[in-house]
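Below is one structure; the comments refer to it alone.
Next up, the structure:
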């Protein structure tokens, strides 16, 4: 996992340096950028009897390539590649027994968390007030982000005994959701609303588990 992160950082640095040359080509330009986000996260659509998650967070970093759709460069689409980490404090008890995922109420657990490492592929439609020489501008970027899970880890402590599961068969590897970023210059408010549940074919007391993720916080774009 750590090698994946270092390779991505090298890739981001290389493309960011290449962007400097792009901006020197003249009036036709693109806003190729490094992005980094920090978010507060919540679990949505929890099963009956399961509370929303306690304090949870996420961060991501990557590079996004800009393709302008008009001569001024104020309208564009963009495609990126990045790494994302999510950490949740939650109540649902998740365990893997005999290659089958078992769900239960976790109200009596003294600790219950899970973390994920994801490869991110954001696709954005972009509106902005920038020019080739104007770096401080307003923006509204909206689109969809695809997440491919590289690793996940579910942990809980029950009767002082720690339990950890790094393979949950019903955990959905490929997820996606809607994104919105809006703000000025490098500082922008950011929202991610997942359109896919975390689990597939998952049930608790006969009720289908449709738990999904909502994130909101800040995203920074750096040339």
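Numbering (the working numbering), first residue to last: 3 to 225. Even for Gly, the Cβ is constructed at its ideal location relative to N, Cα and C.
If you look at residue 213, you'll find it isn't in any beta strand (DSSP E); DSSP assigns it neither H nor E. For the 8 Å CB-CB criterion, residue 153 and residue 122 do not form a contact. If the five residues before and after residue 203 are omitted, its C-beta is found closer than 7 Å to the C-beta atoms of 172, all from its own chain and listed in chain order. As computed with DSSP, residue 52 is found in no beta bridge at all.
Pairing residue 38 with residue 222 gives a Cβ-Cβ distance under 8 Å. Note on geometry: alpha-carbon atoms of residue 190 and residue 41 lie some 12 Å from one another. Pairing residue 124 with residue 220, the inter-Cα distance amounts to about 16 Å. The DSSP-derived three-state label of residue 91 is strand. Separation of the CB atoms of residue 128 and residue 79 is rounded to 7 Å, and the pair is thereby assigned contact status at 8 Å. Approximately 13 Å separates the beta-carbon atoms of residue 65 and residue 86; this is outside 8 Å, ruling out the contact.
The distance from the Cβ of residue 155 to that of residue 168 is about 5 Å, consistent with a contact at the 8 Å cut-off. Straight across, the Cα-Cα distance linking residue 74 with residue 133 is about 7 Å.
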